[in-house]
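The sequence shown maps to residues 0 to 307 in numbering that gives the first Met the number 0.
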Amino acid sequence: MFSSRIRLEIKCSYKLTANDYTEILIGSGARAFLIFGLYNLGLKIYWHLKRPERGILNTEIVQAIELLSERAEKLSVRFSDRQSDKLARFLEHLEQYNQHTNLVSNAAPKVVALEHLLDSMSLIESVSHQIEKRKKGASRLIDIGSGAGFPGLILAIMFADLDVTLMDSIEKKTRFLEATADLLDLQNVSVLTERAESIAHHPQYRETFDIATARAVGGSGMIVELALPLLNLGGVLILQKTESQLVDESHKARKAAKLLGGVMGSVVALDQTILGKARSLILVTKEEHTADKYPRAWKKIKEHPLGQ
Numbered sequence: 000m001f002s003s004r005i006r007l008e009i010k011c012s013y014k015l016t017a018n019d020y021t022e023i024l025i026g027s028g029a030r031a032f033l034i035f036g037l038y039n040l041g042l043k044i045y046w047h048l049k050r051p052e053r054g055i056l057n058t059e060i061v062q063a064i065e066l067l068s069e070r071a072e073k074l075s076v077r078f079s080d081r082q083s084d085k086l087a088r089f090l091e092h093l094e095q096y097n098q099h100t101n102l103v104s105n106a107a108p109k110v111v112a113l114e115h116l117l118d119s120m121s122l123i124e125s126v127s128h129q130i131e132k133r134k135k136g137a138s139r140l141i142d143i144g145s146g147a148g149f150p151g152l153i154l155a156i157m158f159a160d161l162d163v164t165l166m167d168s169i170e171k172k173t174r175f176l177e178a179t180a181d182l183l184d185l186q187n188v189s190v191l192t193e194r195a196e197s198i199a200h201h202p203q204y205r206e207t208f209d210i211a212t213a214r215a216v217g218g219s220g221m222i223v224e225l226a227l228p229l230l231n232l233g234g235v236l237i238l239q240k241t242e243s244q245l246v247d248e249s250h251k252a253r254k255a256a257k258l259l260g261g262v263m264g265s266v267v268a269l270d271q272t273i274l275g276k277a278r279s280l281i282l283v284t285k286e287e288h289t290a291d292k293y294p295r296a297w298k299k300i301k302e303h304p305l306g307q
C-alpha cells in the first residue's frame, strides 16, 4: 500500500481497535507519515489530526484539507501546523453542528472547503496588505453578517494577530460562532449579536475598524452604507463579487462610497481556475468622515439603496 520510501508509525498511550487502524491507513493516503497526526510529504504540511482527547478525524476531512491546501497554495497561501489543525477541526465542528442547526445548505467537508473556506482565503492577500500598512498595533476587522464564519472566522484563523469581530443579527448563528471560537481557542475573536446599522451609531464601534468584510449581506450600495461608518479614516471595505455583480454594482458602489466619505479603488480579479468561479474583489477606502445620519434604518437602506 505504501511505497518503499514511506513508513507508517503509530505511537500512542491507548489501545487502538481494528477500526482505528483502518481509518488511519485510509486517512494517511499514499504519502503520509503518522504520529498523532498526518504529515504530507508532498505539501510539507503537518496535521495534528489524531489525539486521544479528540479522536481521529474522518477520511473526508483529511482529504478536504489536502485539497484546500493545494488550491490555497495557488493563491500563495500556505498553512502552518496550527492553521491546518484549526481548519480541520472547523470542518468537523460545522458538519456536526449543521445536523441540528441549519447554517449552510451543504456541510460536507469538501464542499465547505472549496465553496467557503477557499473563497474566504481569496481575501488574504488584500487583508495582509492592509495590516502591513497599519504597522502600529493590531489591526481590527469587522465581518458584517458572518453567518457560519465566512470570511471572518477563517481570516481569524489565518491571522492570529488580527482582532476580528464577527457580527450577525441571527442568534443561532452567533451561538455557533461563539462555540467555534471557544473550541478553536481563537483569542482574537469577539462575537456580536447585533445589526450593523445599530452599532454604527454607537461610539464604541463607529469609525474604529481598519478593515470591513461582508460576504452575503446585500447589494454593494447597501453594504457600503453599513460598513463605511464603522471604518476609521484610511480603513478599507473589501467586497466579494461575482462577474455579473461586478458589472451591475461597481457603479452603484462608487456613487454610494462618495456619499459616505469613501473612494472606490482597485478591482482585483481572482483566478477562476483556482476558485472554480469568476470572482473579483472591490476595495473601497474611507478618506473622509461619514455624516452622522448614516447608516439609515434598515428599511430605508433596503427600499432606497444609495447609488441607485
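Glycine included, every Cβ here is placed at the ideal spot set by N, Cα and C. Note that the structure is predicted; figures quoted are calculated from it, not measured.
query, result
"Minimum C-alpha distance to L93 - residue among Q307, Q129 and F149", "F149"
"Which residues DSSP lists as bridging G261, in chain order", "K285"
"Buried or exposed by the 16-neighbour rule on C-beta atoms within 10 Å, applied to K171", "exposed"
"Element boundaries [beta strand (DSSP E), containing A211]", "F208 to T212"
"Through-space distance from I222 to A195, alpha-carbon basis", "10 Å"
"Which of helix, strand or coil DSSP assigns to D181", "helix"
"Cβ-based burial, K43 [other Cβ within 10 Å; buried from 16]", "With a pLDDT of 39 at K43, under the threshold of 50, the predicted position of this residue should be treated as unreliable, though the coordinate-derived value follows. It is exposed - the Cβ of K43 has fewer than 16 other Cβ atoms within 10 Å."
"N-terminal and C-terminal residue of the beta strand (DSSP E) that L305 is part of", "Taken as a continuous stretch (DSSP letters only), L305 belongs to no beta strand (DSSP E), as it is neither H nor E."
"Per-residue burial, K298 [other beta carbons within 10 Å of its own, 16 or more giving buried]", "exposed"
"Whole-angstrom distance between A107 and A290, CA atom to CA atom", "44 Å"
"Spatial distance of H200 from P228 (CA atoms)", "8 Å"
"Span of the beta strand (DSSP E), counted from its first residue to its last, around K240", "L230 to T241"
"Minimum C-alpha distance to V266 - residue among L282, L182, I273 and A277", "L282"
"Own chain residues within Cβ distance below 7 Å of S79, not counting five before or after", "none"
"Closest Cα partner of A112 within the set H250, E193, E131 and R70", "R70"
"Limits of the unbroken beta strand (DSSP E) element including T100", "From DSSP, T100 is part of no beta strand (DSSP E); its letter is neither H nor E."
"Buried or exposed (CB count within 10 angstroms, at least 16 for buried), D167", "buried"
"Proximal residues to L258 (C-beta, below 7 Å), its chain only, five neighbours per side dropped", "L305"
"Candidates Q307, L225, S121 and T58, of which the one nearest G144 by Cα", "L225"
"C-beta contact flag for L165 and L274 at 8 Å", "no"
"Residue(s) in a DSSP beta bridge with M157", "The partner list for M157 (beta bridge, DSSP) is empty, contrary to what the question assumes."
"Cβ of S145 within 8 Å of any chain B Cβ", "Of the protein chains in the structure, only one exists, and it is not chain B."
"Helix, strand or coil at V74 according to DSSP, with G and I counted as helix", "First, the amino acid is wrong: residue 74 is Leu here, not Val. L74: coil per DSSP, three-state reduction."
"Contacts around R205, its chain only, beta-carbon distance under 7 Å, and the 5 residues preceding and following it disregarded", "A199, P228 and L229"
"Burial state of A215, where buried means 16 or more other Cβ atoms lie within 10 Å", "exposed"
"Start-to-end residues for the alpha helix (DSSP H) that takes in D291", "Careful: D291 lies outside any alpha helix (DSSP H) and carries neither H nor E."
"Top-ranked residue by Cα proximity to E124, from I210, G260 and L245", "I210"
"Alpha-carbon to alpha-carbon, I300 and A63", "39 Å"
"S168 (DSSP reduced to helix, strand or coil)", "coil"
"Residues bridged to L191 [DSSP beta-bridge criterion]", "M166"
"V126 (DSSP reduced to helix, strand or coil)", "helix"
"Buried versus exposed call for A252 [16 or more other C-beta atoms within 10 Å across all chains shown]", "buried"
"Secondary structure of L280, DSSP reduced to three states", "strand"
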